[in-house]
Each structure stands twice: as structure tokens, then as C-alpha cells.
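These notes concern the structure reproduced below.
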Amino acid sequence: MGGKMKGTERNYSIKEAMLFSQRIAQLSKALWKSIEKDWQQWIKPFDLNI
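Rendered as C-alpha cells:
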């Protein structure tokens with residue numbers, strides 16, 4: 020019985036971790052997009068293309 024409980028607990032934590040990393044990925048993607056926009060505007064006067 021105890022072993023069974025541990026198994027489901029582990030599966031749950033893996034699921035949680037996957038959801039968490041997915042959320043982090045979405046957040047960082049959104050953050051990067053906004054940073055990229057600002058970066059391009061900031062760098063425009065200097066005529067640099069990256």
C-alpha cells in the first residue's frame with residue numbers, strides 16, 4: 020500500500036514539474052518578445068542590426 024502511494028506521488032510531481040516548466044517557458048517567451056521589441060527600438064538610432 021505504501022509503495023503504491025509513493026508511485027502516484029511521483030507521477031503527480033512529474034506532471035506538476037512539466038506544467039511548471041511549460042508555464043515558465045511561456046512566461047520567458049513573452050518576456051523575451053517584449054525585451055526584443057524594446058531592444059530593437061533602443062538600438063535603431065545606432066544603426067546596428069543583430
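Quick note: to get our numbering, add 19 to the position in the sequence shown (first position is 1).
All residues carry an ideal CB built from backbone N, CA and C; glycine is no exception.
Taking only the alpha-carbon atoms, compute the straight-line gap between residue i and residue j and give it to the nearest angstrom.
i: Met37; j: Glu55; result: 26 Å
i: Lys63; j: Leu46; result: 26 Å
i: Trp51; j: Phe65; result: 21 Å
i: Arg42; j: Ile33; result: 14 Å
i: Glu35; j: Ala44; result: 14 Å
i: Trp101; j: Ser40; result: In the structure displayed, the chain extends from 20 to 69; residue 101 sits before or after that span and is not available.
Quick one: residues in its chain with C-beta nearer than 7 Å to the C-beta of residue i, no 5 flanking neighbours on either side, listed in chain order?
i: Ala49; result: none
Cutting at 8 Å between CB atoms, please list the residues of its own chain near residue i, excluding the five before and the five after it.
i: Tyr31; result: none
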